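The structure appears below as structure tokens.
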Amino acid sequence: MMKVPFLSFDATNEIIREEIFETFEKFYDSKYYVLGPNTTTFEEQFANYCGTKHCRGISNGLDALHLSLKALNIGKGDEVIVPSNTYIASVLAVSMIHATPVLVEPDINTFNIDKNLIEAAITEKTKAILPVHLYGQPCEMDVIMDLADRYDLKVIEDNAQSQGATFKGQKTGSIGHINATSFYPTKNLGALGEAGAITTNDPILDEMVRSLRNYGSEKRYHNEYQGYNNRIDELQAGILSVKLKYLDLWTTERQALAANYDRELANVRGLQLPFIAEGATHVYHLYVIRTSQRDALAAYLKENNIDTIIHYPIPPHLQKAYKDMGSKKGAYPIAEQLSQEVLSIPLFIGMTEEQQKYICDKIRQFYK
Ligand SMILES: *Cc1c(COP(=O)(O)O)cnc(C)c1O
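Numbering-wise (the numbering used here), the sequence shown opens with residue 0 and increments by one.
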């Protein structure tokens, strides 16, 4: 029987093998191990890629979100609007600065924050909106930026899952006031360890981030702020420069794989395929389908040696960690419904036609 993993690094690792080993050798011999030339180079390249003036390499995605909020001087007593169905890190970042996450339900079709529900969640305490481009699809950023303008709010994009995606021609990570991304190994642009970045067009926010990630110090042993050690790892920065060259090619491959699923599964009754909002391009960090028979489908695929994952089985407000929020079951029905109905099926670079055909055959069989 064929076996399909959820994800494999085999193909990408093979493509970059020689370049990565050269990068390591150069790094090793340079003896420049923290905030060295790899970091500076990657920051320029990633800023250029996103179309922003500035980029700072950060230790990971959660720290990048945290420092972005910190740079905006948001804290205790302030509210930040976050989608109710996101990866927990987006909400954790708000808790880390002791602000209050205000959850807004997603659109049931795009899975992204519902642009029509944001305004009603704005109060006098609201300082920022933190849209998450979930699964690789940008949020409807024109409406979000308009609202931010009208209510004098800041926007922090969580760009961890959508590097390279665009909304109305503009790259994600370049639209909000300050934007965070993650290079966790499984992301579309993944390091071989922990890494993240902050992108912005605002030179003041950029300077703030540069200082905050390095103990709040511009000049050695002179501390202007109570900062952190959130520097990107110098070796990971070098590795990311190698992988960034392939990102567009790999995005095209992801989109082609997604198009195969779209075509092969289009007529399966009871299955909802990814829906793309007008103006958005999807980079398919994940290919997420929705079905009321989710658990049975996942079990059937497992029996047939196909791995799937649920992103995410428990929405943030129902996590034990957030029991103090006081939200009961039923408080965010759309997020809860999605947590019961979504299923991510395999999509990775190097996936074969046979593997994809096998998955589609099994899904069709399940619904027969
Ligand atoms: C991965 C991810 C993060 C956190 O990134 P780390 O590098 O793992 O800290 C934040 N937000 C979203 C949406 C993510 O997918």
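Think of the CB as a built atom: it goes at the ideal place given N, C-alpha and C, for glycine as much as any other residue. Quick caveat: nothing in here was measured; it's all calculated off a predicted structure.
Original post:
According to DSSP, is Gly76 helix, strand or coil?
Top reply: Residue mapping note: residue 76 aligns to position 77 of the sequence shown, counting from 1. Three-state result, Gly76: coil.
**OP:** Examine the Cβ distances between the segment 47-67 and the segment 167-186 and report whether three or more of them are shorter than 8 angstroms.
**Re:** yes
Subject >> Sequence-distant residues of the same chain with beta carbon closer than 8 angstroms to Ile313, five excluded per side >> reply: The count along the sequence shown starts at 1 and reaches residue 313 at position 314. Excluding positions up to five away in sequence, the list reads Ser338.
Original post:
Where does Gln271 sit, in a helix, a strand or coil, going by DSSP?
Top reply: On the sequence shown, residue 271 is found 272 positions in, with the first residue counted as 1. Strand.
Original post:
Since Ile155 is in the beta strand (DSSP E), which residue starts that stretch and which ends it?
Top reply: For the purposes of this step, residue 155 is identified with residue 156 of the sequence shown, where counting begins at 1. Per DSSP, Ile155 belongs to the beta strand (DSSP E) from 153-157.
Original post:
If you draw a straight line from the alpha carbon of Lys356 to that of Lys124, how long is it in whole angstroms?
Top reply: Walking along the sequence shown from the start, residue 356 turns up at place 357. Walking along the sequence shown from the start, residue 124 turns up at place 125. Those two C-alpha atoms are separated by around 51 angstroms.
Original post:
Run through DSSP, which three-state label would Thr416 get?
Top reply: The structure shown has nothing for residue 416, since the chain only spans 0 to 367.
**OP:** Over the uninterrupted beta strand (DSSP E) stretch that includes Ala92, give me the two end residues.
**Re:** Counting from 1 along the sequence shown, the entry for residue 92 is found at position 93. Premise fails: Ala92 lies in the alpha helix (DSSP H), 87-95, not in any beta strand (DSSP E).
Original post:
Looking at the unbroken beta strand (DSSP E) that takes in Gly237, where does it start and where does it end?
Top reply: Here the question's residue 237 lines up with position 238 in the sequence shown. No beta strand (DSSP E) holds Gly237; the alpha helix (DSSP H) holding it covers 233-243.
Subject >> Boundaries (first-last residue) of the alpha helix (DSSP H) holding Thr351 >> reply: Within the sequence shown, residue 351 is the residue found at index 352, counting from 1. Where Thr351 is concerned, there is no enclosing alpha helix (DSSP H), given that its DSSP letter is neither H nor E.
Original post:
What number of angstroms, rounded off, separates the C-alpha of Leu116 from the C-alpha of Asn37?
Top reply: As a first step, residue 116 is located in the sequence shown; it is residue number 117 there, counting from the start. As a first step, residue 37 is located in the sequence shown; it is residue number 38 there, counting from the start. Going by the C-alpha atoms only, they are around 42 angstroms apart.
Original post:
Ala98 and Ile73 look like a contact to me (Cβ under 8 angstroms); what is the Cβ gap, rounded to whole Å?
Top reply: Indexing the sequence shown from 1 puts residue 98 at position 99. Indexing the sequence shown from 1 puts residue 73 at position 74. With 8 angstroms as the limit, Ala98 and Ile73 qualify as a contact, their Cβ atoms being about 5 angstroms apart.
Original post:
Within 10 angstroms of its Cβ, does Phe20 collect 16 or more other Cβ (buried), or is it exposed?
Top reply: In the sequence shown, the residue the question calls residue 20 occupies position 21. Answer is exposed; the Cβ neighbour count stays below 16.
Subject >> Backbone CA spacing between Val267 and Tyr260 [nearest angstrom] >> reply: Position 268 of the sequence shown, counted from the start, is the residue given in the question as residue 267. Position 261 of the sequence shown, counted from the start, is the residue given in the question as residue 260. For Val267 and Tyr260, the distance between alpha carbons rounds to 11 angstroms.
Original post:
Beta-carbon separation of Gly195 and Asn59 under 8 angstroms?
Top reply: Your numbering for residue 195 matches position 196 in the sequence shown. Your numbering for residue 59 matches position 60 in the sequence shown. Yes, these two residues count as a Cβ contact at 8 angstroms.
Original post:
So, is Pro273 buried or exposed, given that buried needs 16 or more other C-beta atoms within 10 angstroms?
Top reply: For this step, residue 273 is matched to residue 274 along the sequence shown. Pro273 is buried by the Cβ-count criterion.
Subject >> Leu129 - DSSP class collapsed to helix/strand/coil >> reply: Numbered from its first residue, the sequence shown carries residue 129 at position 130. Residue state, collapsed to three classes: coil.
Original post:
Is the beta carbon of Leu64 within less than 7 angstroms of some heavy atom of ligand 1?
Top reply: By one-based count along the sequence shown, residue 64 stands at place 65. Yes, the Cβ of Leu64 comes within 7 angstroms of a heavy atom of ligand 1.
**OP:** Mind the definition here: the segment 97-113 touches the segment 235-250 only if three or more C-beta pairs lie below 8 angstroms; say whether that holds.
**Re:** no
Subject >> 8 angstroms Cβ cutoff met for Leu270 and His310 >> reply: Reading the sequence shown from its first residue, position 271 is the one you call residue 270. Reading the sequence shown from its first residue, position 311 is the one you call residue 310. No, Cβ-Cβ distance for Leu270 and His310 is not below 8 angstroms.
Subject >> Paired residues, beta bridge with Gln169 - DSSP >> reply: Looking up residue 169 in the sequence shown gives position 170. According to DSSP, Gln169 bridges with Phe166.
Original post:
Are the beta-carbon atoms belonging to Glu335 and Ser291 less than 8 angstroms from one another?
Top reply: For the purposes of this step, residue 335 is taken as the residue at position 336 of the sequence shown. For the purposes of this step, residue 291 is taken as the residue at position 292 of the sequence shown. Going by C-beta atoms, Glu335 is not nearer than 8 angstroms to Ser291.
**OP:** Entirely within the segment 180-231 and at least 4 residues each: give me those alpha helix (DSSP H) ranges in chain order.
**Re:** 202-211
Subject >> Completely contained beta strand (DSSP E) runs for the segment 1-63, where each covers 3 or more residues >> reply: 53-57
Subject >> Residues of its chain near Gln383, where Cβ-Cβ distance is below 6 angstroms and the 5 sequence neighbours each way are ignored >> reply: With the chain covering 0 to 367 only, the question about residue 383 has no answer from this structure.
Original post:
Considering only residues of the segment 256-313, which uninterrupted beta strand (DSSP E) runs meet the minimum length of 3 residues and lie entirely inside it, listed in chain order?
Top reply: 286-289
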